[in-house]
Amino acid sequence: MDENKKYKGVEPIPNTDVLGFLQMLNYEDWLSKDSDWIYSCYKDTFLQWIQSSNLNTLNGIENFKHKQYSFGTTQTFDLFYLQNKNRRFRFFKGDFFYHTACNNDWEYLDTSPINTNDAVIISVPFSDTGNIPNTLETILCECDVMGVPVLLDMCYYVIGKDININLNHECIDTISFSLSKFSDGLQNFRCGFRLTKDFKDDGIDIINQFYHVPKISCAVGISIMDNYSVDYNWNEFGDSYLSVCEKKNLKPTNTMILGLGGSEYDYLNRGNSTNRVCIAKDIWETYNVKR
1475 MDENKKYKGV
1485 EPIPNTDVLG
1495 FLQMLNYEDW
1505 LSKDSDWIYS
1515 CYKDTFLQWI
1525 QSSNLNTLNG
1535 IENFKHKQYS
1545 FGTTQTFDLF
1555 YLQNKNRRFR
1565 FFKGDFFYHT
1575 ACNNDWEYLD
1585 TSPINTNDAV
1595 IISVPFSDTG
1605 NIPNTLETIL
1615 CECDVMGVPV
1625 LLDMCYYVIG
1635 KDININLNHE
1645 CIDTISFSLS
1655 KFSDGLQNFR
1665 CGFRLTKDFK
1675 DDGIDIINQF
1685 YHVPKISCAV
1695 GISIMDNYSV
1705 DYNWNEFGDS
1715 YLSVCEKKNL
1725 KPTNTMILGL
1735 GGSEYDYLNR
1745 GNSTNRVCIA
1755 KDIWETYNVK
1765 R
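Residue numbering for the sequence shown follows this note's numbering, starting at 1475 and increasing by one per position.
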């Protein structure tokens, strides 16, 4: 594989152990009407699972009483865009390019102050550094004062450590999670999870209310969460991750598959002072040499 392509973008660890587990599931068990209980089970399990971490804390998550399945985090973004269609969207340079592709009225948080007609989206851990943004708490406090809605994209939380977040901010409107980065293969099932403080009566609420949700995806999500800790990646691959970072001259981050590189990785630069390097494949290779 071309080295330039190997480290570009973000892919989960190609863990054949988890892939084998997925292949062993009996999907026929979930196809009947008798298994409709799986919808609420998925949501309850997801909430309990993300709170069970010994490496991360989500202070104030109990304020978000409305939990729903979503098609990955992407559907959560779409509904947040629609909900705030008359606002200007703000996000950091280097965040998910989907936000610029789907909105005409937007500006980077790095370039000008937030105003009352904005809506803010922040990935935590941040997509371009694998760490919590240094200014996160300041931005949330500003948004509290101005009544600016915030979406926290926490799709990397399931491969994160030392992600200790204060969710007790009035401005936090939506939090999204996903299993897609947890292990290769799961991205195909779109196992997402949205938390809000109240019922929004939007597309996500409606598909959940009327069970227009892929039952197979719920079954896969429950099976993964019942059999793997939310801290699994760091517990299993932590040593291999640090070995790869040292070998590749990368600064470790709080996100398992991401390291930060110097000038030798400038071809991966996404507009900020650091270069994000995805080392998922190297981690798996190193792990298999050691075991």
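Just so it is clear, CB atoms sit at the ideal spot from N, CA and C, and this is done for glycine as well. Predicted model only: the values in this text are computed from it and were never measured.
Beta-carbon within less than 7 Å of residue i's beta-carbon, same chain only, minus the 5 sequence neighbours each way: which residues are those?
| i | result |
| --- | --- |
| residue 1634 | 1530, 1599, 1728 and 1729 |
| residue 1673 | 1540 and 1679 |
| residue 1638 | 1530 and 1531 |
| residue 1628 | 1598, 1649, 1650 and 1651 |
| residue 1687 | 1513, 1543 and 1681 |
Over what stretch of residues does the alpha helix (DSSP H) that includes residue i continue unbroken?
| i | result |
| --- | --- |
| residue 1580 | Not the alpha helix (DSSP H): residue 1580 falls in the beta strand (DSSP E), residues 1580–1582. |
| residue 1610 | 1610–1620 |
| residue 1684 | Segment: none, residue 1684 is in no alpha helix (DSSP H) and carries neither H nor E. |
| residue 1542 | No alpha helix (DSSP H) contains residue 1542, which is instead part of the beta strand (DSSP E) from 1540–1545. |
| residue 1534 | From DSSP, residue 1534 is part of no alpha helix (DSSP H); its letter is neither H nor E. |
| residue 1690 | 1689–1701 |
| residue 1736 | Where residue 1736 is concerned, there is no enclosing alpha helix (DSSP H), given that its DSSP letter is neither H nor E. |
| residue 1762 | 1754–1764 |
Round the Cβ separation of residue i and residue j to the nearest angstrom and send it over; I've been treating them as touching at under 8 Å.
| i | j | result |
| --- | --- | --- |
| residue 1550 | residue 1612 | In fact, because the Cβ distance is near 24 Å, the residues do not count as touching under 8 Å. |
| residue 1542 | residue 1668 | 5 Å |
| residue 1722 | residue 1712 | That belief does not hold up - the Cβ atoms of residue 1722 and residue 1712 are roughly 16 Å apart, past 8 Å. |
| residue 1532 | residue 1641 | 6 Å |
| residue 1631 | residue 1524 | 7 Å |
| residue 1661 | residue 1654 | 4 Å |
| residue 1554 | residue 1625 | 5 Å |
| residue 1484 | residue 1752 | 5 Å |
Counting only the same chain and skipping the five closest in sequence on each side, list residues whose C-beta sits under 8 Å from that of residue i.
| i | result |
| --- | --- |
| residue 1584 | 1566 and 1567 |
| residue 1757 | 1487, 1711, 1714, 1715, 1718, 1730 and 1731 |
| residue 1776 | The displayed coordinates of the chain run from 1475 to 1765. Any statement about residue 1776 would go beyond what the structure contains. |
| residue 1696 | 1512, 1515, 1516 and 1519 |
| residue 1504 | 1512, 1689, 1690, 1692 and 1693 |
| residue 1580 | 1562, 1563, 1564, 1565, 1573 and 1574 |
Express the C-alpha separation of residue j and residue i in angstroms, rounding to a whole number.
| i | j | result |
| --- | --- | --- |
| residue 1561 | residue 1719 | 40 Å |
| residue 1558 | residue 1759 | 44 Å |
| residue 1509 | residue 1593 | 39 Å |
| residue 1623 | residue 1617 | 7 Å |
| residue 1596 | residue 1762 | 34 Å |
| residue 1564 | residue 1582 | 5 Å |
| residue 1671 | residue 1544 | 16 Å |
| residue 1765 | residue 1501 | 31 Å |
| residue 1747 | residue 1547 | 27 Å |
| residue 1681 | residue 1666 | 13 Å |
| residue 1675 | residue 1570 | 26 Å |
| residue 1657 | residue 1481 | 17 Å |
| residue 1659 | residue 1489 | 9 Å |
| residue 1552 | residue 1677 | 9 Å |
| residue 1644 | residue 1738 | 42 Å |
| residue 1736 | residue 1683 | 48 Å |
| residue 1537 | residue 1528 | 21 Å |
How is the beta strand (DSSP E) around residue i delimited, first residue to last?
| i | result |
| --- | --- |
| residue 1527 | Per DSSP, residue 1527 belongs to no beta strand (DSSP E) and is neither H nor E. |
| residue 1651 | 1646–1652 |
Going along the chain, which residues of its own chain have a beta-carbon closer than 6 Å to the beta-carbon of residue i, five neighbours each way excluded?
| i | result |
| --- | --- |
| residue 1535 | 1641 |
Are the region 1603–1610 and the region 1717–1728 touching by the rule of at least three beta carbon pairs closer than 8 Å? yes
Meets three-Cβ-pair contact criterion under 8 Å: the region 1686–1701 and the region 1509–1523: yes
Within the chosen definition, does the region 1703–1710 reach the region 1494–1502 through at least 3 CB pairs nearer than 8 Å? no
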